[in-house]
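Okay, structure first, notes after.
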Ligand code: NAD
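Have a look at this one:
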């Protein structure tokens, strides 16, 4: 497992690919945006024109793309990964996509002798840069055993969840918790501001108690600084909640709070805030209350 094809060099993929290079893996890279491809090439990676070319002469192919349609295009489409990869190559999709899409693609890949894992991550851009991502893996257990060390080059944990699609089910659970946590923090801080109490002092007072959380610690300083540069874009979080709601429909779970969170993100996107970091959810509550959390 020494040569890796890496497709999708955005906010997450670029630093993840850099960590693989640092760890001594030989890399072939591809993105529709030439800028990060040139950046990685300057560090020693081989630039490739198509996913098919990226998947040639490698042991593993990693994809880190926005959502199911992009992964389908890159894996199944013309000039896609399945056209280039030899049988036995392991395909690891680290994007957060619909579990059903993961299962369908894993079946198509298996027909060509290519085991496909869904291995989405949590930990955001800092986790990608510092190689401290939490990686949740669904699919073929033997393939997971073969790539576990490689995954741990990019993360601090890689947990096998179960069959194909279950990595992305786990990620949907993660995204519900994160969205509702940001919403709770935002509602609480705007209440504090409305009641003439400094949200920053509230944060200091409660972060060590039961209400404290990684989300509160990561997002509060950014909210107070009005820093909504992504990070994780609101439009991508909307995508995850959409996938969660679809999975809820398919399994018979009404997900009442996820619906509420989805509507809040839709409103922010309609106001042109889709490219803000999801810490920018606080702006929804600021608009409701007329106060700002600073
Ligand atoms: P991003 O939009 O910054 O990166 C996606 C990259 O894919 C871009 O560079 C884009 O040019 C490229 N791309 C799109 N279509 C392509 C195609 N057909 N062929 C080749 N390249 C293509 O997104 P991101 O923030 O890096 O997120 C990637 C995935 O990771 C998403 O599924 C997201 O939900 C998930 N994720 C993001 C974060 C985060 O904090 N940003 C955290 C955890 C998980």
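Numbering (the working numbering), first residue to last: 700 to 993. A virtual CB, placed ideally from N, CA and C, is assigned to each residue, including glycine. Computed from a predicted structure; not experimentally measured.
For residue 854, the enclosing beta strand (DSSP E) stretches over residues 854-861.
In the three-state scheme derived from DSSP, where H, G and I count as helix and E and B as strand, residue 704 is classed as strand. Per the DSSP secondary-structure output, residue 729 pairs in a beta bridge with 706. For residue 950, the enclosing alpha helix (DSSP H) has its first and last residue at 933-950. Using a Cβ distance threshold of 8 Å, residue 864 and residue 802 count as a contacting pair.
Between residue 760 and residue 744, the gap from beta carbon to beta carbon reaches 8 Å or more. In this structure, residue 833 sits away from residue 859, with a CB-CB distance that is not shorter than 8 Å. For residue 759, there is no enclosing alpha helix (DSSP H); the enclosing beta strand (DSSP E) covers residues 759-762. Going by DSSP, residue 833 is part of the beta strand (DSSP E) stretching over 832-837.
Distance from residue 812 to residue 786 at the Cβ level is roughly 3 Å; contact confirmed, criterion being Cβ atoms closer than 8 Å.
In this structure, DSSP gives residue 905 a helical state, which the three-state scheme calls helix.
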